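Going line by line, the protein sequences match chains H and A. Each residue of the first sequence is one higher than the last, beginning at 1 in the numbering used here. Each residue of the second sequence is one higher than the last, beginning at 114 in the numbering used here. Here is the structure we will look at, set down as structure tokens.
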Amino acid sequence: IAGITQAPTSQILAAGRRMTLRCTQDMRHNAMYWYRQDLGLGLRLIHYSNTAGTTGKGEVPDGYSVSRANTDDFPLTLASAVPSQTSVYFCASSSDTNTGELFFGEGSRLTVL
Amino acid sequence: GQNIDQPTEMTATEGAIVQINCTYQTSGFNGLFWYQQHAGEAPTFLSYNVLDGLEEKGRFSSFLSRSKGYSYLLLKELQMKDSASYLCAVNDGDYKLSFGAGTTVTVRA
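As structure tokens, this is what we get:
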């Protein structure tokens, strides 16, 4: 059972380049989320999707976009990367929107130079 | 916005007990989670409290007081493998979790 798969695991990117972080889940969870984790700031929600076809903005959405064409996939795109987007990005999913328990992918470490 | 506070770091000795406090002020409340995160790894679920009181699960217990906006995670009989970050997270009632910055626990021999 794979759970949530993120790719790439790690990436170094030049500022101004476009980048898509991929996230796929095989648990048939309705809700999916993208968080970034920075030292001293904890996990901050970027975007979320409660169900396929819908998305919403989290706490720090600027500079990022998402799409949810189907239940399994939830890619995160940086249209023009900036150094402040250097972070570890975690994709998560939830089957139980009542409690909100999250299952996390292993993370994607992104460095923007 | 959401305000979730927890100490930055704690150190304890193997076999001891450590209590990690978390206070929160959020726009809504539909439960509080504790997650464990080892360095370089993804967070993993530890506990969930939605009603006041203590939830015990092996060496770990979690307490919630909704009226005080307060929770704690109690780690008993500490082991070296318990060295990790512990994240307090609140479901704000809109199906999203807001996280505190995390508490790094170091267990010494």
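The beta-carbon is built from N, C-alpha and C at its ideal position, and this holds for glycine as well. This one's a predicted model, so the numbers in the text were calculated from it and none came from an experiment.
{"Query": "Given 8 Å, three or more beta-carbon pairs between the region 88-97 of chain H and the region 32-46 of chain H", "Result": "yes"}
{"Query": "Through-space distance from glycine 56(H) to glycine 100(H), alpha-carbon basis", "Result": "16 Å"}
{"Query": "is_contact[leucine 43(H), chain A] using C-beta, thresh 8 Å", "Result": "yes"}
{"Query": "For alanine 197(A), the first and last residue of its enclosing beta strand (DSSP E)", "Result": "197-204"}
{"Query": "Rounded separation between phenylalanine 104(H) and serine 180(A) - CA only", "Result": "30 Å"}
{"Query": "Close-in-space but distant-in-sequence residues of the same chain around methionine 19(H) (CB under 6 Å, 5 per side omitted)", "Result": "Leu13, Leu78, Ala81"}
{"Query": "DSSP beta-bridge partners of glutamate 168(A)", "Result": "Ser175(A)"}
{"Query": "Beta-carbon neighbours of tyrosine 48(H), restricted to chain A and to distances below 7 Å", "Result": "Lys209"}
{"Query": "Neighbour-count burial assignment, histidine 47(H), 16 or more Cβ in a 10 Å radius", "Result": "buried"}
{"Query": "Those residues which DSSP pairs with glycine 56(H) across a bridge", "Result": "Tyr48(H)"}
{"Query": "Option in Leu145(A), Leu164(A), Ser175(A) with minimal Cα separation from valine 131(A)", "Result": "Ser175(A)"}
{"Query": "Stretch pair the region 144-153 of chain A + the region 50-70 of chain H: three plus CB contacts closer than 8 Å", "Result": "no"}
{"Query": "Option nearest alanine 202(A) by Cα separation, candidates Gln138(A), Glu127(A), Gly128(A), Ala129(A)", "Result": "Gln138(A)"}
{"Query": "Distance, leucine 167(A) Cα to methionine 27(H) Cα", "Result": "30 Å"}
{"Query": "Cβ distance (whole Å) where leucine 191(A) is taken to contact glycine 141(A) below 8 Å", "Result": "Not a contact, Cβ separation roughly 34 Å."}
{"Query": "Closest Cα partner of asparagine 50(H) within the set Thr111(H), Ala15(H), Ala31(H)", "Result": "Ala31(H)"}
{"Query": "8 Å Cβ cutoff, asparagine 81(A) in contact with chain H", "Result": "Here chain A comprises residues numbered 114 to 222, so residue 81(A) is not present and cannot be evaluated."}
{"Query": "Amino acids of chain H, ordered along the chain, whose beta-carbon sits closer than 8 Å to that of proline 156(A)", "Result": "Leu43, Phe90, Leu102, Phe104"}
{"Query": "Cβ of alanine 214(A) within 8 Å of any chain H Cβ", "Result": "yes"}
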